[in-house]
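In our numbering, the protein residues as written are 154 to 346.
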């Protein structure tokens, strides 16, 4: 049986099946599934992830999300699989920026650098999980908007090709939506690297 020797982070937009896949991979590989607390962080801060927010608020929230995730990853046995990565956090921050958004570029750059450093510290393997499964509304989750989900997906793909990133990266094919197919694709790729 294949044995994963390093941490695996599933990255991609919300509502793509990352959590379900992470749980299944955890069971298949007999390694811990490390659940992150994005929705809980929003709730603790009294914010709704589906509501628009200004850049300063987004960056404030995203730093809290990263703090919470790093605490969980730091205290976990390794190897583990996680359903979120700092790459996702960069994508959601960038996804909120539009042409007229007022952005403190120095703060943004610091946050992006922090996220790449964190990714390199905690994840040696990343698997991009693309949209494709049917969208299902769930209370407390980010906007159920196919175009926004696609926007985040493309940002994640771009971020995963950045030279700052040291992890091995696998991009799951868009049409591979069956859970077993996704598991096999990921295992096959990381068996070869």
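Note that the Cβ used here is the ideal one computed from N, Cα and C, for glycine as well. The model shown is predicted, which means the values in this text are computed figures rather than measured ones.
Considering only C-alpha positions, which residue in the set the options is nearest to residue i?
i	options	result
residue 323	177, 261, 345, 333	345
residue 303	160, 167, 157	167
residue 309	298, 297, 325	325
residue 315	273, 159, 161, 297	273
residue 185	158, 297, 169	158
Whole angstroms is fine: what's the gap from residue i's alpha carbon to residue j's?
i	j	result
residue 151	residue 163	Since the displayed the chain opens at 154 and closes at 346, residue 151 lies outside it and no answer follows.
residue 174	residue 339	10 Å
residue 231	residue 343	16 Å
residue 311	residue 207	24 Å
residue 300	residue 216	25 Å
residue 264	residue 176	29 Å
residue 337	residue 221	30 Å
residue 262	residue 248	15 Å
residue 225	residue 214	17 Å
Quick one: residues in its chain with C-beta nearer than 8 Å to the C-beta of residue i, no 5 flanking neighbours on either side, listed in chain order?
i	result
residue 171	163, 164, 165, 236, 237, 282
residue 327	283, 284, 285
Report all residues from its chain with a CB closer than 7 Å to the CB of residue i; omit the five preceding and five following residues, and keep chain order.
i	result
residue 223	271
residue 244	305, 308, 309, 312
Within its chain, find whatever has a CB closer than 6 Å to the CB of residue i; leave out the 5 residues flanking it on each side and keep chain order.
i	result
residue 241	164
residue 190	221
residue 269	317
Determine whether the Cβ of residue i lies closer than 8 Å to any Cβ atom of chain B.
i	result
residue 268	You won't find chain B in this structure, because it holds only one protein chain.
Less than 8 Å between the CB atoms is what I'm expecting for residue i and residue j, so what's the real figure, rounded?
i	j	result
residue 234	residue 192	Incorrect: roughly 19 Å between the Cβ atoms, too far for contact.
residue 219	residue 239	6 Å
Kindly confirm or deny that the region 186–201 and the region 253–267 touch, where touching means at least three C-beta pairs closer than 8 Å.
-> Result no; under three Cβ-Cβ pairs closer than 8 Å.
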